[in-house]
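Heads up: the structure comes next, in C-alpha cells.
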Amino acid sequence: MTYYFKGFPQSDQNKSLKMIYVDELEERAKEVMPEPAYYYIASGSENEWTWRNNTAAFNHFQIIPRSLTDMDDPQTETEFLGKKLKTPIMISPIACHGISHKDGEVATALGAKEAGAMFSSSTYANRSVEDIAEAAGDAPRLFQLYLSKDWDFNQMVFDAVKAAGYQGIMLTVDALVSGYREANLRTKFTYPVPLDFFTRYQGGQGEGQSVAQMYAASAQKIGPDDLKKIKERSGLPVLVKGILCAEDAQMAIDAGADGIVISNHGGREIDGAPATIDMLPEIAKVVDHRVPIIFDSGVRRGSHVFKALALGADLVGIGRPYLYGLALGGSKGVASVINQLNDELKIDMQLTGCKTIEDVKHAMITNLPYSSDNLPSSTDPTVKPPYPVTDHNQMKASYVTGTDGEEPAPQVAEPVDTEGGASH
Ligand SMILES: Cc1cc2nc3c(=O)[nH]c(=O)nc-3n(C[C@H](O)[C@H](O)[C@H](O)COP(=O)(O)O)c2cc1C
1 MTYYFKGFPQ
11 SDQNKSLKMI
21 YVDELEERAK
31 EVMPEPAYYY
41 IASGSENEWT
51 WRNNTAAFNH
61 FQIIPRSLTD
71 MDDPQTETEF
81 LGKKLKTPIM
91 ISPIACHGIS
101 HKDGEVATAL
111 GAKEAGAMFS
121 SSTYANRSVE
131 DIAEAAGDAP
141 RLFQLYLSKD
151 WDFNQMVFDA
161 VKAAGYQGIM
171 LTVDALVSGY
181 REANLRTKFT
191 YPVPLDFFTR
201 YQGGQGEGQS
211 VAQMYAASAQ
221 KIGPDDLKKI
231 KERSGLPVLV
241 KGILCAEDAQ
251 MAIDAGADGI
261 VISNHGGREI
271 DGAPATIDML
281 PEIAKVVDHR
291 VPIIFDSGVR
301 RGSHVFKALA
311 LGADLVGIGR
321 PYLYGLALGG
331 SKGVASVINQ
341 LNDELKIDMQ
351 LTGCKTIEDV
361 KHAMITNLPY
371 SSDNLPSSTD
381 PTVKPPYPVT
391 DHNQMKASYV
401 TGTDGEEPAP
411 QVAEPVDTEG
421 GASH
C-alpha cells in the first residue's frame, strides 16, 4: 500500500517485521522505496570508506566470554537524563522521515516508545515537535539542533522544543557543510516533503530544498560561546554531537556540555575519518564519566552495542536501520529493529555474565592483533550480501521426520515470513 504526497510515494505500513539481522532490511527497503530516497539514506560521502569502516572496525575489538557466572535473565533497563529506558539503544536524529513513511517522525517516535528507547528528532524533521509530543506523550526524547545563523529563529526553536517536553538538545557540530555525497548529486535529490521548522522559518513550503540549501541556512561557524548561549537561552541540557577526538570532547566539557555524542554522522561527512568505535576508548578516557556519552555510526549488531557500552558509551544510537524498518513496517517496524538489536544484546550479556547494563560497562574487551583489516568483515554489507530466504533453501521438516530408506511423505516447509507478522 502506498500513500502519495504531491506525487511522492510514501509507505503507509504498520506491522512488526521478522528479520534474521537488521541489515537485511536495507535490501528489502530498497525494493519499495523511490531510488533517490533510498540512496539519500543509504549512501555516505565520497568513496564511502568511513561509512564502510564504521561497521567493519567493530572487529578490532573482541568480547571475552565469561563462564561460571551463576547468572541468568539479563536486563537491559537503563537511565538517561533522569528518564527510565528499557534499552540503551537509541534513535539517532535523522532528517526527513517522511521519505520513509507518511507519518514521518511521529511513527518513529511511537516505535521508540513501544520499544522503550530514547528518541531524537532532527531540526530537519517533517513533523513538528508538537505533533511528536502529542503522539508520544511523556516518552523520552532529545532534539537535534542545526544552529541557524538567525538567533531569533534559534530562540523560536528552543521555546518550541522546551514546551514540547524534550529532555535536552543535541547540538550537531560535525556537519557545518554537507559532506560530498555523490549519490545525492546523481539522483538530483531534493527533500520531497516539507520540513516543519524550515517551513516555519520561510513562511512557505519546505519541500523541494536541496541538501546544500538546507546546510546554507545553518551556521557554519560554531564555537564554545555558542554552546554557552544555547544552554542559557534554551534552559535545557545540551549535548554536543559529532565529537571524534579527545581534544574536542575536552573542549565541549570545558564549554559546559552536558554530554557528548561520538559520531561521524554515519560516514556522511569527512570521508577518511576514522570509525567511531576506534576513537571511543581514548575519548571515554578523557571524559572519565564527567558527562554521559552517546555513541553512534555503523551499529548493526547487538554485539556492536555491547562493545560500545563496554568501551565507555552510555547510550548507543542507530540511524539507517530504523529508517528501513520505518519504510517496511511504520512504527511497529521501528520497534522491531530496536527489539532485534536488544535481543542480540541480551545474548551477549548472558554469555558474558552481565546481568545489567552497568555490568556491560565493566565487561572485558580486548583488541588482540588479528589481521582483521585484511579480512572481509562478516557485517560489511559490500562483502556479505544478505542471505536470501527463498522457498528452495529452507530446512525441510521431512529431513527430520523421514525414516531411513523410505521416501518421506512430502511436507511443506514452514515459510519464513519476510513481510510481516509479529516477531516480538
Ligand atoms: C539519511 C540521514 C540523515 C541524517 N540526518 C541527520 C540530521 O538531520 N542531524 C544529525 O545530527 N545527524 C543526521 N544524520 C546522522 C545520524 O544522526 C547518525 O549519526 C548516523 O546515521 C549513524 O550512523 P548509522 O546510520 O550508520 O547508524 C543523518 C544520517 C542519515 C543516514
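For the sequence shown, UniProt numbering assigns the number 424 to the last residue and increments by one with no breaks. The beta carbon of each residue, even a glycine, is placed where N, CA and C say it ideally should be. On a predicted model such as this, the values are computed, not experimentally measured, just so you know.
CB-CB length for residue i against residue j, believed under 8 Å
| i | j | result |
| --- | --- | --- |
| Y342 | I89 | Correcting the residue type first, residue 342 is Asn in the shown sequence and not Tyr. With 8 Å as the limit, N342 and I89 qualify as a contact, their Cβ atoms being about 6 Å apart. |
| G302 | E344 | 2 Å |
| E269 | A175 | 6 Å |
| L171 | V240 | 5 Å |
| D278 | A57 | 5 Å |
| G242 | V211 | In fact, because the Cβ distance is near 17 Å, the residues do not count as touching under 8 Å. |
| A284 | L315 | Going by Cβ atoms, the distance from A284 to L315 rounds to 13 Å, so no, they are not a contact pair. |
| M349 | P74 | 4 Å |
| G317 | I294 | 6 Å |
| R300 | T87 | Incorrect: roughly 16 Å between the Cβ atoms, too far for contact. |
Distance between residue j and residue i (C-alpha atoms, nearest Å)
| i | j | result |
| --- | --- | --- |
| K188 | L145 | 25 Å |
| S423 | K15 | Its pLDDT being 37, under 50, S423 is placed unreliably by the model, and the measurement read from it follows with that caveat. One C-alpha to the other measures close to 10 Å. |
| T366 | P281 | 11 Å |
| I99 | L147 | 23 Å |
| L17 | W151 | 43 Å |
| R28 | T123 | 28 Å |
| G402 | I20 | Residue placement at G402 is flagged as unreliable, the pLDDT there being 46, under the threshold of 50; the coordinate-derived value follows with that caveat. Rounded to the nearest angstrom, the two C-alpha atoms are 27 Å apart. |
| G256 | K6 | 44 Å |
| A252 | G259 | 8 Å |
| Y4 | G353 | 49 Å |
| A363 | I64 | 8 Å |
| K228 | H101 | 36 Å |
| P369 | G298 | 21 Å |
| F143 | L68 | 43 Å |
| L185 | Y191 | 13 Å |
| M118 | G208 | 30 Å |
| D12 | A160 | 28 Å |
| R66 | A313 | 21 Å |
| F153 | F198 | 10 Å |
| E130 | G267 | 31 Å |
| Y201 | H60 | 45 Å |
| G319 | D23 | 11 Å |
| K84 | G137 | 14 Å |
| L236 | D103 | 27 Å |
| D72 | G179 | 45 Å |
| I338 | A275 | 22 Å |
| I94 | D248 | 23 Å |
| V157 | Q62 | 43 Å |
| G329 | E114 | 13 Å |
| E31 | A327 | 10 Å |
| Q167 | R141 | 6 Å |
| A133 | Q340 | 26 Å |
| S121 | L351 | 34 Å |
| E182 | D271 | 12 Å |
| N53 | E26 | 17 Å |
| A273 | V193 | 31 Å |
| A246 | V286 | 6 Å |
| K231 | T2 | 42 Å |
| P415 | I347 | Reliability fails at P415, whose pLDDT of 44 lies under 50, so the model's placement of it is uncertain and the value that follows must be treated cautiously. Approximately 25 Å between the Cα atoms of the pair. |
| K149 | Q220 | 8 Å |
| Y322 | I91 | 8 Å |
| A163 | I169 | 13 Å |
| R290 | K361 | 15 Å |
Cross-strand partners of residue i (DSSP beta bridge)
| i | result |
| --- | --- |
| T78 | L85 |
| residue 428 | In this structure the chain extends from 1 to 424, so residue 428 is not present and cannot be described. |
| I20 | For I20, which the question treats as bridged, DSSP gives no partner whatsoever. |
| V193 | BP columns for V193 are empty, so no partner. |
| Y180 | Looking at the DSSP assignment, Y180 forms no beta bridge with any residue, so it has no partner. |
| G208 | Bridge partners of G208: none, in fact. |
| S120 | L142 |
| I260 | V240, I293 |
| Q10 | Y3 |
| M349 | None; M349 has no bridge partner. |
| V316 | I89, F295 |
| T366 | Q62 |
| S218 | S148 |
Neighbour flag for residue i against chain C, beta carbons, 9 Å
| i | result |
| --- | --- |
| Y40 | Reference to chain C is not applicable here, since this structure consists of a single protein chain. |
Does the segment 213-231 come close enough to the segment 304-324 to have 3 or more Cβ pairs within less than 8 Å?
By the Cβ rule, the segment 213-231 does not count as touching the segment 304-324, because fewer than three pairs are nearer than 8 Å.
Touch check for the segment 94-113 and the segment 320-335: three-plus C-beta pairs under 8 Å?
Counting C-beta pairs closer than 8 Å gives three or more between the segment 94-113 and the segment 320-335, which meets the contact rule.
Can we say the segment 36-46 touches the segment 222-234, given the rule of at least three CB pairs closer than 8 Å?
In short, these stretches do not touch, since the Cβ pair count stays below three.
Does the structure place the segment 41-54 close enough to the segment 76-90 that three or more beta carbon pairs sit under 8 Å?
The segment 76-90 vs the segment 41-54: no contact.
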